[in-house]
Amino acid sequence: MDGHDALWRQGNTEAARRNWPAAAACFRAHAERWPEQAAAWIALAKAEGLAGHPRRERAASERALACATPEWPQALALARQLQSQHEVRALEALATRLWPHAGDAPEESLVELADLLGQADAHAAALPWLDAALARDATRAPPWYLRGTTRLFLGDFAGARADLEQAVALAPHFAHAHWRLSELRAHDRAGAPARITRLRANRDQVAPGSEHDIHLSFALHAELHDLGRHDEAWAALERGCTAKRARLRYDAAADQRLFEALPRLCDARFVHGPGHAGEGEPVPVFIVGLFRAGSTVLERLLAGHSQLADGGESRQFSASLRVAADYRPAGLLDEELLQRAAGLDFAALGADFMARSAWRARGRAGWTEKLPSNLLNAGLIARALPRARFIHVHRPAMDACFSNLRQLYGEICRYSYEQRELAAYWRGQHALAAHWRSVLGERWLDLAHADLLRDPEGQLRRVLAHLGLDYEPGMLDLATRGGAVSTASASQVRGGLRPPSPPDWLPYRAALAPLAGALGEFAG
């Protein structure tokens with residue numbers, strides 16, 4: 011056995027034992043001896059990431075990218091690394107390099123790469139890969155589901171419905187496809203009774219408490235709610251929430267400790283300390299708050315301005331923060347990462363973020379960063395990026411909480427499936443927003459979603475003044491605006507602005523008594 015094989019096999023042996031530091035040592039020795047081979051750098055990146063070293067993980071991924079285009083199994087492994095590190099541009103560049111070799115890949119690899127691109131919100135880049143996969147084999151449901159989802163996010167609702175229905179036809183119990191179809195219900199009201207019958211029939215055949223049960227229950231709730239069948243809708247929602255909460259590990263006390271720790275570190279002196287100057291660079295505009303508070307509508311409106319680009323729900327600041335601290339938390343931010351952040355070089359952190367994000371401005375003066383949970387990061391962002399602006403979009407507590415309760419998320423927003431936990435999180439983020447308001451001063455703007463709907467031009471003028479920009483005619487025309495929208499509002503936001511309507515939670519007032527009680531004076 012030569013040294014090449016010995017190091018590679020030993021690295022794989024250690025990886026099989028989940029001894030990631032030892033595996034990383036083997037793969038690093040291999041990569042340094044044969045640096046032109048991408049496979050070892052890719053394996054090293056994975057091992058370093060699992061060993062808890064995001065900084066070395068990124069460095070190894072960059073070395074892999076500098077090598078010749080890897081064969082498909084290694085290329086997909088590299089794509090997974092880039093997606094997990096939120097290296098969006100690098101992932102898109104890798105996909106471009108791989109496109110001439112698409113014919114060499116199994117159909118499943120085309121689908122997986124498209125899925126990774128979609129997870130990075132690179133939906134336009136994902137679509138050709140799904141088209142190619144379906145041209146080769148149209149008998150499997152997953153590519154139909156993924157292409158339907160991609161088309162939904164790109165605004166092709168008819169195409170999305172057709173693809174999702176095909177996924178269901180091929181796999182009748184494909185709960186994710188049924189759930190995604192429920193997001194298109196506003197475009198086919200007449201089909202609701204048939205969809206409800208189909209959802210009930212499928213739910214009767216799946217294991218109670220399973221992921222299938224959860225997705226079908228949330229879909230059923232949405233359909234029944236829109237028909238005004240509120241008792242049935244609540245039963246479906248309660249079933250879905252109970253099952254989802256049972257499958258999640260959520261530490262509510264840890265969230266509350268984080269809410270208390272953030273103001274202690276990020277006081278006025280801290281947030282106004284030195285960071286990345288960034289003169290002449292585009293300005294990031296962070297739209298923050300609770301999910302389902304109206305951030306998507308605001309971003310779509312701002313994208314109609316000639317000097318602003320929509321950046322979507324980027325996770326780049328968190329990715330840069332993890333590399334700077336060389337630590338990966340389980341969620342967006344935890345107490346350990348916050349403690350490490352206290353000693354960071356914030357100018358370097360800001361420069362790293364800008365180096366990996368300024369492309370989102372697409373040559374304009376600024377761009378929006380619309381990940382609502384950056385509310386947690388706001389103090390760190392303010393320190394690292396002194397030119398950044400913040401817009402806090404909010405809704406009344408009961409409105410915002412119920413909208414979260416009835417929204418099925420993936421692994422995020424774990425607080426949102428039990429009423430008292432949801433209320434506790436709302437209180438914590440509300441207090442945190444008040445702290446940011448007090449220390450950030452003119453860099454912070456509060457915007458009520460209802461005010462934006464009642465007086466869109468007036469509120470837009472107010473927002474633009476906050477950003478140092480003038481109002482432009484045409485900004486209110488959402489119906490003709492292109493681009494991708496990959497949030498829960500994807501199918502609604504393209505239809506234009508609607509005046510505020512009675513709160514969705516009113517028919518469920520009695521069932522929501524635990525939520526209202528826990529919100530106390532904020533329940534209104």
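First residue of the sequence shown? That's 11 in the numbering used here, and the numbers climb one at a time after it.
Virtual Cβ for every residue (Gly too), placed ideally from N, Cα, C.
Only a predicted model underlies this, so the values are computations on that prediction, with no experimental measurement involved.
Contacting residues, own chain, Cβ-Cβ under 6 Å from residue 115 (five flanking each side not counted): 82
Bounding residues of the beta strand (DSSP E) (the contiguous stretch that carries residue 399): 399 to 404
Close Cβ partners of residue 372 (< 8 Å) along its chain, the five nearest in sequence each way excluded: 319
Beta bridge counterpart(s) of residue 139 as assigned by DSSP: Here residue 139 is not bridged, per DSSP, to any residue.
Closest by C-alpha distance to residue 489, when choosing among 507, 396, 438 and 157: Residue 507 is the option with its Cα nearest to residue 489.
Proximity of residue 303 and residue 410 at Cβ, strictly below 8 Å: yes
Cross-strand partners of residue 457 (DSSP beta bridge): 403
Which of helix, strand or coil DSSP assigns to residue 11: With a pLDDT of 40 at residue 11, under the threshold of 50, the modelled position of this residue cannot be trusted; read the value that follows with caution. Coil, per DSSP.
Whole-angstrom distance between residue 514 and residue 444, CA atom to CA atom: 26 Å
Cβ pair count under 8 Å reaching 3, the stretch 396 to 411 against the stretch 337 to 353: no
C-alpha distance - residue 88 paired with residue 24, whole-angstrom precision: 20 Å
Buried versus exposed, by CB contacts within 10 Å (16 or more), residue 270: exposed
Stretch-stretch touch, CB-based, cutoff 8 Å, three pairs: the stretch 411 to 419 with the stretch 316 to 330: no
Neighbourhood of residue 221 by C-beta distance below 6 Å, restricted to the same chain and skipping five residues each side: none
Local Cβ density within 10 Å of residue 297, reported as buried at 16 or more and exposed below that: buried
Cα-Cα separation between residue 518 and residue 249, rounded to whole angstroms: 15 Å
Cβ-based neighbour list, residue 57, same chain, cut-off 7 Å, excluding 5 preceding and 5 following: 25, 30, 33, 34 and 37
Short Cβ contact (8 Å threshold) for residue 127 with residue 149: Residue 127 is not a Cβ neighbour of residue 149, given a cutoff of 8 Å.
Per-residue burial, residue 59 [other beta carbons within 10 Å of its own, 16 or more giving buried]: buried
Supposed close pair residue 130, residue 178 - CB separation, criterion 8 Å: At roughly 26 Å, the Cβ-Cβ gap does not stay under 8 Å, so residue 130 and residue 178 are not in contact.
Rounded C-alpha distance that separates residue 21 from residue 67: 16 Å
Pair within 8 Å by beta-carbon distance, residue 54 and residue 75: no
Terminal residues of the alpha helix (DSSP H) in which residue 362 lies: 356 to 367
Backbone secondary structure at residue 209 - three-state DSSP: helix
Assigned exposure category for residue 11 - 16 Cβ within 10 Å defines buried: The predicted model places residue 11 with a pLDDT of 40, which falls under 50 and marks its position as unreliable, so this point remains unresolved.
For residue 1, the three-state DSSP class (helix, strand or coil): Coverage of the chain is limited to positions 11 through 534, which leaves residue 1 absent and any answer about it impossible.
7 Å CB neighbourhood of residue 432 in its chain, flanking five on each side removed: Scanning its chain for C-beta atoms nearer than 7 Å, with the 5 sequence neighbours on each side dropped, one finds around residue 432 the residues 411, 414, 415, 425, 426 and 525, in chain order.
Residue range of the alpha helix (DSSP H) that includes residue 54: 48 to 60
Alpha carbon of residue 227 to alpha carbon of residue 360, nearest angstrom: 43 Å
Closest residue to residue 391 among 376, 364 and 197 (Cα-Cα distance): Out of 376, 364 and 197, the CA that lies nearest to the CA of residue 391 is found in 364.
Straight-line Cα distance separating residue 395 from residue 375: 15 Å
Whole-angstrom distance between residue 241 and residue 523, CA atom to CA atom: So the alpha carbons of these two residues sit roughly 15 Å apart.
4-residue-minimum alpha helix (DSSP H) runs that sit fully inside the stretch 199 to 283, ordered along the chain: 202 to 213, 221 to 236, 240 to 257, 262 to 275 and 278 to 281
Supposed close pair residue 120, residue 112 - CB separation, criterion 8 Å: Residue 120 to residue 112, Cβ: 6 Å. Contact.
DSSP bridge partner residues for residue 320 (one or two, in chain order): 378
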